[in-house]
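In full-length UniProt numbering, the protein residues as written are 1 to 134.
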């Protein structure tokens, strides 16, 4: 029952999670302002460069997640890559949960943890299907 519901709702899950993921792309446009809104600071040009680059990467990943919602052939590779990236963020934030400088990432880590769970459940289910166009 849950498996069928997840499969039926998965395109919507991808659209929503992809759009929310793309919001972090605002960091590309204004890294200092975006991080400041989260209570975080970057003090040098190298940090701003990497923050801007990360924003661009996350924007692209979010766009791929949204694209996979309507293109079944993209789902497995895109969802696997997104799950890996989101899991990395969750682990990194959890390992530094008490660091006040990273408190602004707690919400993103919780959101990404939910995404990782849903993506992993779907990938496990998709691996059991004898279909070439998942």
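Each residue gets a CB set at the ideal place from its N, CA and C atoms; glycine is no exception. Computed from a predicted structure; not experimentally measured.
Cut-off 8 Å between Cβ atoms - residues of its own chain near residue 55, not counting five sequence neighbours on either side: Excluding residues within five positions, the ones whose Cβ falls inside 8 Å are 24, 25, 26, 27, 28, 29, 31, 34.
Meets three-Cβ-pair contact criterion under 8 Å: the region 58 to 70 and the region 5 to 19: Of all C-beta pairs linking the region 58 to 70 to the region 5 to 19, three or more are shorter than 8 Å, placing the two stretches in contact.
Contacting residues, own chain, Cβ-Cβ under 6 Å from residue 47 (five flanking each side not counted): The beta carbon of residue 47 lies closer than 6 Å to none in the same chain, with the five residues before and after it left out.
Residue 128 versus residue 122: straight-line alpha-carbon distance, rounded: Straight-line Cα distance between these residues: approximately 10 Å.
As assigned by DSSP and simplified to three states, the class of residue 126: Residue state, collapsed to three classes: helix.
Distance, residue 45 Cα to residue 115 Cα: Rounded to the nearest whole angstrom, the CA to CA distance from residue 115 to residue 45 is 32 Å.
Residue 86 - DSSP class collapsed to helix/strand/coil: Looking at residue 86 - three-state DSSP - the assignment turns out to be helix.
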